[in-house]
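S.K.:
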Amino acid sequence: MNYRPEGCLYKTDINQQHISSSEGLTEAMNNGTILEARVSVCDSSHDLIIDLPCAKGIIAREEGAVGISEGKTRDIALISRVNKIVCFKVTELTMNDNGDLIAILSRKAAQEECLKNYIQKLIPGDVIEARVTHLEQFGSFVDIGCGIPSLIPIDAISVSRISHPSDRFTTGQMIKAIVRSNEDSRICLTHKELLGSWLENASGFEAGETVSGIVRSVESYGIFVELAPNLAGLAESRENISPGMHVSVYIKAIIPEKMKVKLVIVDICDEHDGPYSLNYRFNGKHIDKWIYSSDLAEKTIETVFG
175 MNYRPEGCLY
185 KTDINQQHIS
195 SSEGLTEAMN
205 NGTILEARVS
215 VCDSSHDLII
225 DLPCAKGIIA
235 REEGAVGISE
245 GKTRDIALIS
255 RVNKIVCFKV
265 TELTMNDNGD
275 LIAILSRKAA
285 QEECLKNYIQ
295 KLIPGDVIEA
305 RVTHLEQFGS
315 FVDIGCGIPS
325 LIPIDAISVS
335 RISHPSDRFT
345 TGQMIKAIVR
355 SNEDSRICLT
365 HKELLGSWLE
375 NASGFEAGET
385 VSGIVRSVES
395 YGIFVELAPN
405 LAGLAESREN
415 ISPGMHVSVY
425 IKAIIPEKMK
435 VKLVIVDICD
445 EHDGPYSLNY
455 RFNGKHIDKW
465 IYSSDLAEKT
475 IETVFG
C-alpha cells in the first residue's frame with residue numbers, strides 16, 4: 175500500500191470501482207482496502223456523511239480521526255473536512271428501514287494503518303510527498319498521508335525570507351518535504367533543502383542580465399530581492415518600494431566567495447498570480463547532508479539529517 179495524502183486516490187479506477195457498488199464496498203471491507211470519497215455533511219454530532227454513489231456513508235465522530243476519542247485532536251479537524259476528500263476503511267454494511275444501503279466507515283482505522291506501516295518508519299532525511307492543507311503566519315500545515323498532519327515552519331520553507339507561507343505555497347498544492355525528526359510519530363518537516371544550494375541557484379543568472387524578482391524586505395542599507403526561492407540579492411535603496419512587489423532588476427555582480435548578488439532595481443512590474451512554481455534540485459528519496467554555501471565561502475551553511 176502506498177500511503178499518500180488524501181485526494182490522491184479518489185479518481186483512480188480501482189477506488190471508483192470499489193465505491194460505486196455494494197459488491198465493491200464488500201470486497202474493500204473484506205480486504206481492508208483504504209478508499210476515498212467526498213464528505214458532504216458534518217452533522218450536529220460531528221459524524222461525517224460521505225457521498226458514495228451506491229450508499230450513504232457514515233463516519234462516526236470517534237472514527238473521524240486519530241486522537242478524537244482521547245481529546246488530542248479537536249473537532250475542527252472533522253468540521254473542516256466538509257466538501258473535501260477523506261480516506262476510510264469500510265467496517266460494516268447494513269440496510270436501513272427503507273432498504274437503502276448504509277456503509278459504516280472509519281477514517282481513524284485508515285490513519286492507524288498509515289501510522290503503523292509508513293509514518294512510524296520514517297527517519298530523518300527521508301524525502302516524502304505532502305499536500306498543503308492550510309497556511310498560518312508561522313508555517314504551512316501539510317497532509318503527509320491519509321490526512322495525518324505535519325508542519326513546515328516558515329523559516330524551513332526556503333532560504334529566501336518570506337513574510338507568509340502563501341508567498342511560496344497554495345492550499346491544496348502537492349509538494350515534497352524532508353523529515354527533520356520523528357518522535358512518537360510526530361513528524362517535523364523541512365523544505366528549503368530541496369530547492370538547491372547557493373551555487374545551483376546562482377548558476378541560472380549572469381552579471382549584466384536584467385531579470386524579474388520579488389521584494390522580500392526593505393532595510394536601511396538596501397532592498398532584498400528574491401531571484402529564486404533559495405537565492406536573494408541586495409539592491410540599492412529606492413523610494414516607493416515595499417515587500418511583495420514584483421520588480422525587474424539589473425544584476426551588477428555575482429560573488430560566490432561572499433554568496434552575494436548585487437542588484438539595481440530597474441522598474442516595478444505587474445503583479446503575478448500566486449507563488450512561482452517550485453524547482454526541486456534534489457529528486458532522491460533520502461538525503462543525509464545538504465550544504466547551501468559555496469566552496470569558496472568562508473561560512474558553511476548546512477543541514478545534517480540524523
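All letters in the sequence shown, in the order written, are residues 175 to 480 by our numbering.
By construction, the Cβ of each residue, glycine as well, lies at the ideal position given by its N, Cα and C atoms.
1. Please classify residue 338: does DSSP put it in a helix, a strand, or coil?
2. Could you tell me the distance, in whole angstroms, from the CA atom of residue 171 to the CA atom of residue 393?
3. Measuring CB to CB, does residue 298 end up less than 7 Å from residue 480?
4. Could you give the residue range of the beta strand (DSSP E) that holds residue 360?
5. Kindly provide the ranges of any beta strand (DSSP E) runs that are 3 or more residues long and lie completely inside the segment 211 to 244, ordered along the chain.
6. Please determine if the segment 284 to 296 and the segment 248 to 259 are in contact, where contact requires at least 3 C-beta pairs separated by less than 8 Å.
7. Please go through the same chain and pick out, in chain order, the residues whose beta-carbon is closer than 7 Å to the beta-carbon of residue 292, but skip the five residues on each side of it.
8. Residues in its own chain within less than 6 Å of residue 294 by CB, not counting five upstream and five downstream?
9. Assuming the contact rule is C-beta atoms closer than 8 Å, residue 303 and residue 179 should be a hit. Round their C-beta distance to whole Å, please.
10. Alpha carbon to alpha carbon, how far is residue 382 from residue 210? Give it in angstroms, no decimals.
11. Out of curiosity, what's the CA-to-CA distance linking residue 371 and residue 212?
12. Between which two residues does the alpha helix (DSSP H) holding residue 192 run?
13. Restricting to Cα atoms, I'd like to know which of 343, 195 and 377 is closest to residue 328.
14. Looking at the unbroken alpha helix (DSSP H) that takes in residue 196, where does it start and where does it end?
M.R.: According to the structure shown:
1. coil
2. Lying outside 175 to 480, the shown extent of the chain, residue 171 is not represented and no answer is given.
3. yes
4. 360 to 364
5. 222 to 225 and 230 to 233
6. Below 8 Å, too few C-beta pairs join the segment 284 to 296 and the segment 248 to 259 to call them touching: fewer than three.
7. Same-chain partners within the cutoff: 177 and 319.
8. For residue 294, where only same-chain residues beyond five positions count, the Cβ hits under 6 Å are 359.
9. 7 Å
10. Looking at the backbone, the Cα of residue 210 and that of residue 382 are separated by about 53 Å.
11. 40 Å
12. 187 to 193
13. Comparing Cα-Cα distances from residue 328 to each of 343, 195 and 377, the minimum goes to 343.
14. In this chain, the alpha helix (DSSP H) harbouring residue 196 covers 196 to 205.
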